[in-house]
Amino acid sequence: TRLGLWLLAMGVVALLLTPWLLAVLDTTVEMVTGVSVGDSLPVWGYLGQVGRVFGAGPGETEPLASIAGGGMAALSAIGLFGVRQGGKAEDRRHLAGTWRPGWSRPFFLLSWVAVPLSAAYWVQTAYSFFSPRFLLYLGPACYLLVAEGVGQIGAGYMVSALSRRLSAAASIALAVAIAGLWSLCLARVYIQPYIAPGVGRLDEAEEPRPAIARIRAAALPGDALLYGYIWQAGYLYAYYPQNELALYRTYYTPQTVGQELESIFAAHQRLWMLDYRIAAEDPHNLPASWLEAEAYKVESDWYNRHHLALYLAPDFQTPGVGSEEGVASFDGRIELRYPLVSVRLAPGDTLALPLRWRALDALNENEDYAVFVHLGLPGAQPLAQSDGPPQNGLAPTGAWAAGQQVLDRRALLLPDAIPPGRYALTVGLYSSDGSRLPVGDGDSLLLGYVEVER
């Protein structure tokens, strides 16, 4: 039978999807649990949100959204009433001996809408991470179900010709009104695509173009980019269509993240990371936490709600940063092994500098020091710098045990406007009050010189 074939097809699809479901279930549940910080919706609040989005589209303002939601509910009621009347007529034909099965199509459409709608409600009671737009794929079934009911009305299953005409006219008027609201919504979304959910107005904080503009300005051939959400790739191709970036999705586990990122760095020396509503420095950002500990961080900044960071491979080498090491002691407490530097760079280039620290004695919590690496002229403000705790804050000095060694990868991005010249590269340690630890006869250590040429 047709029902049997349909059930068989659904079973085959379920079997094909099962391996994928098992592969992503744990990480999906973990992610959804982490972002489910709000309260679940009551049934009428849930249906109201879904109705407003189905009636007027995502981002529509009140009161139009509620009016459109009411119109959609009325249209659905008319459609369902027509299906019911059609079913009664089929029952009459059945009693007369002329019945043919006609409920299969509307029942199929109704189940197509009702089952996911019910399932989504129960899921959002456990995980409040929900948006009605997740259910927009039900639109075709919903509209076909309404059309089926209106068709039944037009076929003559009402009491009189007048009622048939009035019902059909009301249905058509509602359908045209909803289509018009959707058209307005879609036009606005395409022209101004950053509508705040639940607010209905342009939300500048959602604008991704500043972050993408930074990528366009600084990306080099051979660069790669990590992203977490599939729509981020869409934004990138929309606003940077000619990019040559290799894109990678950040679906990693704590067990695989290191291996996955090492394989990316085996093919690319520079890696951008584009995040949404989470910084690279956030400890909950799994791939970024590995990068913070193991790679050279060149830059990291917010662009509205989008965060962008650039990392160099752990084995990145700047020509002129020698393998020969110098050794220095800071206040007799911390030892530094450093490369000797004599490099030629251009504005916009990056200097990668590996620093190897070792605690000569156990340090306490009052000895939390920040590292500074400054490039500039003596007695003047630095023209480029990297300041912060060792290893991007993941290895604070106040927790170092005696003999502990820390590899601190530092990267200096030369400004585009830096004048040509020969600049000193210095390094040191300072406390929270700004006082520097003594090293040798001063408070900073000269590592070498950088010749900037245009």
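Okay, so the sequence shown: first residue is 40 according to this note's numbering, each after it adds one.
Backbone N, C-alpha and C fix where the C-beta goes; we use that ideal spot for every residue, glycine too.
As the structure is a prediction and not an experimental result, all values here were calculated from the model.
For this session: Report the residue ranges of all alpha helix (DSSP H) runs contained in full by the stretch 269 to 345; include only those spanning at least 4 residues, in chain order.
Result: With a minimum length of 4 residues, the continuous alpha helix (DSSP H) runs that stay inside the stretch 269 to 345 are 269 to 278, 296 to 306 and 325 to 333.
Exercise. Closest to serine 494 by CA distance: which of Ala116, Phe355, Trp151 and Asp314 is it?
Worked result: Only positions 40 to 493 of the chain appear in the structure, and residue 494 is not among them; the question remains open.
Exercise. Would the beta-carbon of arginine 449 fall within 8 angstroms of that of leucine 392?
Worked result: Yes, the Cβ-Cβ distance between arginine 449 and leucine 392 is below 8 angstroms.
Problem set entry | Member of Pro155, Asn343 and Gln294 whose CA lies at the smallest distance from the CA of glutamate 243 | Nearest of Pro155, Asn343 and Gln294 to glutamate 243, Cα basis: Asn343.
Problem set entry | Extent of the continuous beta strand (DSSP E) run through arginine 383 | It spans 373 to 384 - the beta strand (DSSP E) in which arginine 383 sits, taken as one unbroken run.
Exercise. Between which two residues does the alpha helix (DSSP H) containing leucine 86 stretch?
Worked result: Looking at the DSSP string, the run of the alpha helix (DSSP H) that includes leucine 86 is 82 to 95.
Exercise. Does DSSP classify glycine 239 as helix, strand or coil?
Worked result: Note on glycine 239: pLDDT 49, under 50, position unreliable in the model; the coordinate value appears next. Three-state DSSP puts glycine 239 in coil, outside helix and strand.
Problem set entry | Validate contact between the stretch 360 to 376 and the stretch 343 to 352 using beta carbons, cut 8 angstroms, 3 pairs | In short, these stretches do not touch, since the Cβ pair count stays below three.
Problem set entry | Sub-8 angstroms separation of proline 429 and valine 445 beta-carbons | Taking C-beta atoms as the reference points, proline 429 and valine 445 count as a pair closer than 8 angstroms.
Exercise. Identify the residues that DSSP records as bridge partners of glutamate 364: which are they?
Worked result: DSSP lists Pro378 as the bridge partner or partners of glutamate 364.
For this session: Determine contact between the stretch 246 to 266 and the stretch 281 to 298, defined as no fewer than three beta-carbon pairs at a distance below 8 angstroms.
Result: As far as the Cβ criterion goes, the stretch 246 to 266 touches the stretch 281 to 298, which means the pair count is three or higher.
Exercise. Apart from the five residues just before and just after serine 425, which ones in its own chain have a Cβ nearer than 6 angstroms to its Cβ?
Worked result: Taken in chain order, the residues that qualify are Val412, Arg449 and Leu451.
Problem set entry | Among Gly110, Val410, Tyr85 and Gln163, the one whose alpha carbon lies nearest that of valine 71 | The shortest C-alpha to C-alpha distance from valine 71 to any of Gly110, Val410, Tyr85 and Gln163 is the one to Gln163.
Exercise. Just the Cα atoms here: how many angstroms apart are valine 489 and isoleucine 317?
Worked result: So the alpha carbons of these two residues sit roughly 35 angstroms apart.
Exercise. Among Gln298, Val382 and Glu333, which residue has its Cα nearest to the Cα of proline 353?
Worked result: Nearest in C-alpha terms to proline 353, of all of Gln298, Val382 and Glu333, is Glu333.
Problem set entry | Span of the alpha helix (DSSP H), counted from its first residue to its last, around proline 249 | Looking at the DSSP string, the run of the alpha helix (DSSP H) that includes proline 249 is 248 to 257.
For this session: Please name the residue, chosen from Leu402, Leu46, Tyr274 and Gly467, that lies closest to alanine 441 on a Cα-to-Cα basis.
Result: In terms of CA proximity to alanine 441, Leu402 leads the group Leu402, Leu46, Tyr274 and Gly467.
Problem set entry | Same chain, Cβ closer than 7 angstroms to glutamate 404, five either side skipped, listed in chain order | For glutamate 404, where only same-chain residues beyond five positions count, the Cβ hits under 7 angstroms are Gly437.
For this session: Output the distance between the C-alpha atoms of serine 170 and leucine 56, rounded to the nearest integer angstrom.
Result: Approximately 24 angstroms between the Cα atoms of the pair.
Exercise. Distance, Cα to Cα, glycine 415 vs arginine 91?
Worked result: Cα to Cα, glycine 415 sits roughly 59 angstroms from arginine 91.
Problem set entry | Assigned secondary structure, tryptophan 396 (DSSP; H/G/I helix, E/B strand, else coil) | Three-state DSSP puts tryptophan 396 in a strand.
For this session: Take valine 337 as the anchor and find which of Val366, Gly427 and Leu485 has the nearest alpha-carbon.
Result: If we check each option's Cα against that of valine 337, Gly427 comes out closest.
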